[in-house]
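**Student:** Counting in my numbering, the sequence shown runs from 16 upward without gaps.
Just so you know, even glycine gets a beta-carbon here, dropped at the ideal spot from N, CA and C.
Quantities reported herein were computed from a predicted structural model and do not represent experimental measurements.
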Amino acid sequence: MPQAWSPLNQNGACTGKGLSYGGSLPTSCRMNLQPTLDIYPSRESKKLHAQAEVQLPNASTFYAEVLHSQTESQIAVNSWATFGGRVRNVVGAPGYAEMLANGLSPAFGFFYWQPDLPALAQSYENGLSRVVLGLKGEFNDWNYNASLYQTQSTSLKRVQIVDYAQAGLNTSSPVLLAGMLQPLDDQNPLTAQLLNSRSWQTE
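1. Once you ignore the five residues that flank SER144 on each side, which residues in its own chain have a CB closer than 6 Å to its CB?
2. On the DSSP bridge assignment, give the partners of ALA136 in chain order.
3. Would DSSP call TYR127 helix, strand or coil?
4. The beta strand (DSSP E) spanning LEU196 covers which residue range?
5. With ALA67 as the anchor, note down where its beta strand (DSSP E) starts and where it stops.
6. Is SER214 buried or exposed, if buried means 16 or more other CB atoms sit within 10 Å of its CB?
7. Can you check which of these residues, LEU191, GLN129, ALA91 and TYR179, is closest to ARG58 by C-alpha distance?
8. Taking the C-alpha atoms as reference points, what is the distance between SER188 and LEU205?
9. Determine whether the beta carbon atoms of GLN85 and GLN137 lie at a separation below 8 Å.
10. Going by DSSP, what residue range makes up the beta strand (DSSP E) through LEU171?
11. Rounded to a whole number of angstroms, what is the C-alpha to C-alpha distance between TYR55 and TRP128?
12. Considering only their Cβ atoms, is the gap separating THR76 from GLY152 smaller than 8 Å?
13. Quick one: Cα of PRO41 to Cα of PRO121, how far?
14. I'd like the list of long-range same chain contacts for LEU192, defined as Cβ closer than 8 Å, with 5 residues on each side in sequence excluded.
15. Can the beta-carbon of SER162 be found closer than 8 Å to that of ALA134?
16. With C-beta atoms as the reference, is LEU209 less than 8 Å away from LEU132?
17. Can you grab the Cα-Cα spacing for the pair TYR139 / VAL177, in whole Å?
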């Protein structure tokens, strides 16, 4: 029967970062990724509003108005990919010694891993632009106000994607790497490789 091992399990029990999810294997531990998610989105708003009037010789008034607003919100709610596969039954291979230390056989072992880095973000950008040109005044005891305006609104959604191949990870045939067995901190090269493999994609 296959035996499972992961950095979240030691001696048959889940470690501080691992949570039991009730699987059939004694080492059924998963990472608690809730702390990496945003509860509320960050929001940034910019607005520009300008008005101008010019008095014409015939007692008419030419006026113009410009309005531009842009709002951007961002929230990190998307999880990183999961990686699972066989542990190589070769002395010195990543995970080999760890399985032996946990009383498991590398010949029947597999691993499960998911980065516990800050969740991947998605952003929404909404814009509104309006230009008004008008003429107002008095003609034959009549007050008039004529205007011409144009309004344009835009909406854009972007999501963060990851080029896992750039980070040296194979999503179709995952292989256990030494960096997966260490905390994803500044001392682990895999941390920078994963963070640098992120990019924005417009949907």
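**Tutor:** With the structure as the only source:
1. Taking the first residue of the sequence shown as 1, we reach residue 144 at position 129. Leaving aside the five residues that flank SER144 on each side, the residues in its chain whose CB is nearer than 6 Å to its CB run, in chain order, HIS83 and GLN167.
2. The residue given as residue 136 occupies position 121 in the sequence shown. Beta-bridge partners of ALA136 (DSSP): ALA91.
3. Taking the sequence shown and counting its residues from 1, one reaches residue 127 at position 112. Strand, per DSSP.
4. Along the sequence shown, read from residue 1 onward, the residue named residue 196 stands at position 181. Premise fails: LEU196 is in no beta strand (DSSP E) and is neither H nor E.
5. Taking the first residue of the sequence shown as position 1, residue 67 is located at position 52. Per DSSP, ALA67 is one residue of the beta strand (DSSP E) stretching across 57-70.
6. Counting from 1 along the sequence shown, the entry for residue 214 is found at position 199. By the neighbour-count criterion, in which 16 or more other beta carbons inside 10 Å mark a residue as buried, SER214 falls on the exposed side.
7. For this step, residue 58 is matched to residue 43 along the sequence shown. Among LEU191, GLN129, ALA91 and TYR179, the Cα nearest to that of ARG58 is on ALA91.
8. Counting from one through the sequence shown, the residue named residue 188 turns up at place 173. Counting from one through the sequence shown, the residue named residue 205 turns up at place 190. Their Cα atoms are separated by approximately 18 Å.
9. Counting from 1 along the sequence shown, the entry for residue 85 is found at position 70. Counting from 1 along the sequence shown, the entry for residue 137 is found at position 122. Not closer than 8 Å, so no.
10. Position 156 of the sequence shown, counted from the start, is the residue given in the question as residue 171. First-last of the beta strand (DSSP E) with LEU171: 157-177.
11. If you number the sequence shown from 1, residue 55 lands on position 40. If you number the sequence shown from 1, residue 128 lands on position 113. Taking the straight line joining both Cα atoms gives about 27 Å.
12. Taking the sequence shown and counting its residues from 1, the one referred to as residue 152 is at position 137. Taking the sequence shown and counting its residues from 1, the one referred to as residue 76 is at position 61. Taking 8 Å as the Cβ cut-off, GLY152 and THR76 qualify as a contacting pair.
13. Residue mapping note: residue 41 aligns to position 26 of the sequence shown, counting from 1. Residue mapping note: residue 121 aligns to position 106 of the sequence shown, counting from 1. Model confidence at PRO41 stands at a pLDDT of 47, short of 50, so the residue's coordinates are unreliable; what they give is reported in the following sentence. Approximately 16 Å, taken between the alpha carbons.
14. Here residue 192 refers to the residue found at position 177 when the sequence shown is read from its first residue. Excluding sequence neighbours, LEU192 sits near PRO109, GLY183, LEU184 and LEU205.
15. The residue labelled residue 162 in the question sits at position 147 within the sequence shown. The residue labelled residue 134 in the question sits at position 119 within the sequence shown. The answer is no: Cβ separation not under 8 Å.
16. Stepping through the sequence shown from its first residue, residue 209 is reached at position 194. Stepping through the sequence shown from its first residue, residue 132 is reached at position 117. Result yes, Cβ atoms of LEU209 and LEU132 sit closer than 8 Å.
17. Locating residue 139 in the sequence shown gives position 124, counting from the first residue. Locating residue 177 in the sequence shown gives position 162, counting from the first residue. Cα to Cα, the separation comes out at about 19 Å.
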